[in-house]
Amino acid sequence: MACLPDASCQRAHPCAVWHLRASADQTPISGPGSAASAGLIGGIAVAVTHPLRPRAKHASTRKRAGRFPGPRPCCAQKATTAQGGEDAEKESSLAFLTDEKQLDAQIWTLALPAFIALCAEPLLSIIDTAFVGRLPDAALSLGGLGAATSVFDFVFRCYNFLCVVLVPLVAEAVIAKKRGEATEDPADIVGRVIGLAAALGFLTWALIAFGSQNVLELAGVSAGTSLGTVADGYLRIRATALPASLVNTVAVGAFRGHLDTSTPLLVVLVQTLSDVALDAVFVYGVAPLGIPAMGVDGAAWATALSIWIACICFAVLLSQRGYVAWKSALSWPTALQELQPLIIGSLSQLIRTLSLQAVLLEFTRTVVGLDATGLIAAAHQVGLRVWYFALFALDCIAVSAQGLVPVALATAGVAKARWVSSRLLLWGGVGGTLSGLLIASLASSIPALFTNDEVVAATATPLILTVAALQPIAGVVFTWDGLFQGLSDYAYLALAMAVAALATLGLLQLDFFSGSLQGVWEPRGGKYDAGEVSKRQQLELAKQRVAEAGVDDKVSVIFCDYRDVVARFGAEYFSKAVSVEMIEAVGHEYLPVYFRALDQCLKPGGMVAIQAICVPDERYESYRKGSDFIREKIFPGSHLPCLAEIHRSCSQLSLRECAAPFSLGLSYAATLKEWRRRFTVNESQIRQLVSSRSGEGFDDHFVRRWNYYFAYCETGFRLKHIDVWQLCFLKDVSLAER
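Per the numbering used here, the sequence shown starts with residue 32, numbered consecutively.
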């Protein structure tokens with residue numbers, strides 16, 4: 032009896048299913064534009080089903096077909112075609128398991144498209160940061176934007192399981208459907224998860240709309256402050272796009288399950304271009320069209336609308352491909368078991384995500400508490416955006432690991448899977464190292480992409496260098512993350528992340544960040560820093576002398592970083608300030624930060640007196656780029672400014688010079704000569720002293736070095752190679768209104 036090539040034959044005979052899989056007139060299983068990834072479909076099928084079951088069924092069918100006396104148009108001939116197609120496809124898809132070059136090519140074939148797709152959400156925040164950073168009140172605007180964005184980062188990471196867990200569920204259903212073994216259509220799975228995502232999106236939107244102040248309090252932003260007002264507006268507006276954002280997350284997972292990474296890239300491009308165009312219109316306004324400049328609120332509207340545009344695109348494309356059954360999105364599951372795979376897979380992923388986001392929220396809360404003016408929060412926002420973008424760049428190797436490792440394990444065994452894993456880890460380390468070098472080389476330029484505020488940019492630069500230093504480690508760690516996800520070992524990932532999060536939160540609670548922004552990013556704990564010990568000894572000596580003078584009721588001696596003075600006392604707190612040779616320890620990059628701190632802490636009409644050792648203006652550039660004896664042997668890290676650089680920094684603020692600079696250089700030369708004389712006279716006593724830092728005495732090397740230092744500086748002051756200047760500035764608020 033002949034077997035006709037109809038749908039019933041495909042359901043009844045596995046050989047017909049294999050023919051369907053190999054037939055050239057079928058829609059490519061990997062989706063448009065991703066033919067290079069099509070070979071992985073066999074491997075993914077193996078990863079989600081028993082590795083021998085499809086081949087066993089196919090072989091037995093082929094043997095039975097061979098016993099029939101005549102040709103069988105559907106089964107006999109097409110079984111042979113299917114077998115040849117299957118063998119050829121399998122050989123092609125698994126070639127990377129035997130050749131290192133092909134493995135590398137396969138890794139990057141998956142990683143490069145994934146990189147672009149993964150950048151969708153951080154790109155939106157980066158675009159907002161870039162536009163908002165050019166507003167007149169950039170520090171406050173960026174600080175509010177950063178606080179609100181941290182909330183959305185938390186939300187998106189919490190719901191990321193909708194994509195991560197959906198991918199294998201869809202891939203399994205797609206393969207089962209093509210084999211005729213499907214118990215559920217993949218379109219129904221996608222529809223049901225879209226319904227869940229939309230419900231979660233509307234629920235989260237409602238919670239933020241009615242409790243935005245409470246949400247921001249968790250992020251460390253107090254209600255009623257200028258920073259809180261900015262953050263609240265952005266939070267409420269952008270929250271209107273939460274349902275669309277979560278649906279978009281599901282859509283990306285659905286397309287990945289069909290091995291189509293090209294379509295999400297197209298939607299990401301549309302979304303990004305929309306956001307750029309809308310930001311330009313809403314943030315700055317278009318007067319001829321009657322559109323007012325909305326500032327930070329405009330950035331929120333631009334992002335929200337671009338997300339909804341992407342959602343519409345995804346909905347249309349999913350419908351056109353038949354990847355979603357909308358009736359399933361609108362219907363309640365008939366049994367809990369329909370959601371069971373998603374619930375089981377997502378629980379561990381959710382715990383892991385919550386642990387990470389709890390740390391990031393605590394970081395933001397801590398940083399916001401350091402500075403009421405928003406300056407430190409703005410710099411933190413810039414550094415965090417760079418960190419997020421670098422994170423997604425490295426995570427693309429993890430996407431390759433999610434697919435390649437289970438394929439290798441199921442088809443070639445543990446040894447081959449280890450070889451593939453080792454290669455992935457190698458590329459993760461290489462990618463991290465290259466990423467770190469690139470970020471480090473651009474560290475001083477990157478902040479300009481986000482803000483035109485030089486103080487914010489200078490404060491953010493060290494944070495970006497910290498990101499660069501962590502990239503090699505992050506590259507390997509993120510790849511390991513992908514390896515465990517590929518093996519569906521979400522429980523271990525959740526445990527590892529929880530332990531790391533608890534350790535980090537513990538460091539923050541124990542005040543290991545020394546009360547500064549850089550300390551939050553690189554917690555060291557002041558009690559372990561020899562330099563900090565020396566500073567605290569000086570603090571105690573100053574307090575002792577104030578008490579001995581009987582003026583401790585009028586004088587308070589406080590240990591505080593100059594960058595944190597405003598956060599500690601509030602803006603415009605002091606009527607006068609004096610800085611005596613402190614500026615030499617600031618550094619060229621931080622001069623704008625230093626003078627901004629002075630400007631912010633002074634009341635209108637307040638005055639600041641500065642005494643600083645400077646180099647001549649004409650020698651400053653060569654001095655700044657070089658080194659010398661003092662910077663190498665006496666005061667490592669020190670830096671002498673020049674008068675022109677000081678005046679340039681003050682001219683951008685409300686500080687106006689109110690007296691002519693006064694030189695003390697020749698007097699300093701006489702002072703140094705006297706210091707050297709006394710040092711020589713008391714040399715024997717100096718040798719008997721014990722260093723508080725090393726615990727040892729002072730030897731000939733120390734004595735010769737400091738004798739040379741005194742003579743070196745005396746000569747420098749006499750020849751005017753360096754000079755000491757006293758300067759006086761008045762805070763003129765009218766200058767700030769220019």
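No residue lacks a Cβ here, since even glycine has one placed at the ideal position from N, Cα and C.
Remember, it's a predicted structure, so these values are computed and weren't measured experimentally.
Cβ atoms of residue 734 and residue 717 come within 8 Å of each other, at about 7 Å. About 4 Å separates the beta carbons of residue 272 and residue 338, which is inside the 8 Å limit, making them a contact pair. The distance from the Cβ of residue 327 to that of residue 480 is about 18 Å, inconsistent with a contact at the 8 Å cut-off.
Note on geometry: alpha-carbon atoms of residue 533 and residue 510 lie some 22 Å from one another. About 12 Å separates the beta carbon of residue 506 from that of residue 432, a gap too long to meet the 8 Å contact definition. Excluding five sequence positions before and after residue 744, the CB atoms of its chain that fall closer than 7 Å to its own CB belong to 703, given in chain order. Leaving aside the five residues that flank residue 467 on each side, the residues in its chain whose CB is nearer than 7 Å to its CB run, in chain order, 499, 500, 502, 503. For the set 206, 462, 643, 195, the Cα lying nearest the Cα of residue 142 is the one of 462. Ranked by Cα distance from residue 523, the options 378, 636, 392 are led by 378. Annotation: the region 290-367 contains the following complete segments of the alpha helix (DSSP H) (minimum length 4 residues), in chain order: 293-315, 326-352, 357-361. Remark: C-beta atoms of residue 484 and residue 178 do not approach each other more closely than 7 Å. Contact holds between the region 672-687 and the region 643-658, because three or more Cβ pairs, one in each stretch, are under 8 Å apart. For residue 462, the uninterrupted alpha helix (DSSP H) run begins and ends at 445-472, by DSSP.
Nearest C-alpha to residue 390 among 708, 535, 344, 285: 535. Here residue 147 has 296, 299 as same chain residues with Cβ atoms under 7 Å from its own Cβ, once five neighbours each way along the sequence are excluded. Following the DSSP letters along the chain, one finds residue 754 inside the beta strand (DSSP E) bounded by residues 754-762.
Look at residue 638 here: in three-state DSSP terms it is strand. For residue 605, there is no enclosing alpha helix (DSSP H); the residue is found in the beta strand (DSSP E) stretching over 605-611. When the five nearest sequence neighbours on each side are left out, the beta carbons in the same chain lying within less than 6 Å of the beta carbon of residue 435 are those of 451, in order along the chain.
If the five residues before and after residue 172 are omitted, its C-beta is found closer than 7 Å to the C-beta atoms of 163, 166, 261, 326, 327, all from its own chain and listed in chain order.
Check the Cα spacing between residue 568 and each of 579, 589, 184, 582: the tightest is with 589. From the listed residues 386, 359, 383, 279, the smallest Cα separation to residue 341 is found for 279.
Non-local C-beta neighbours of residue 518 in its own chain, meaning closer than 6 Å and more than five positions away in sequence, are absent. For the pair residue 680 and residue 603, the Cα-to-Cα distance works out to about 19 Å.
For the pair residue 572 and residue 579, the Cα-to-Cα distance works out to about 11 Å. Under a 10 Å Cβ-count criterion, residue 289 is classified as buried, with 16 or more other Cβ atoms of the shown protein chains found around its own Cβ. For residue 480, there is no enclosing alpha helix (DSSP H), as DSSP marks it with neither H nor E. Residue 687: member of the beta strand (DSSP E) spanning 686-688, first to last residue. Per DSSP, residue 741 has no beta bridge partner at all. Scanning the region 638-718 from its first residue to its last, the whole alpha helix (DSSP H) runs of 4-plus residues come out as 651-656, 674-682, 696-712. Across the structure, residue 454 and residue 336 are spaced so that their CA atoms are roughly 42 Å apart. Note on the region 244-287: there is no whole beta strand (DSSP E) run with a minimum of 3 residues. Going by DSSP, residue 216 is part of no alpha helix (DSSP H) at all; its letter is neither H nor E. Per DSSP, residue 184 is one residue of the alpha helix (DSSP H) stretching across 169-189. By the CB criterion at 7 Å, residue 755 and residue 697 fall outside the cutoff. Secondary structure note for residue 535: its alpha helix (DSSP H) is the uninterrupted segment 521-540.
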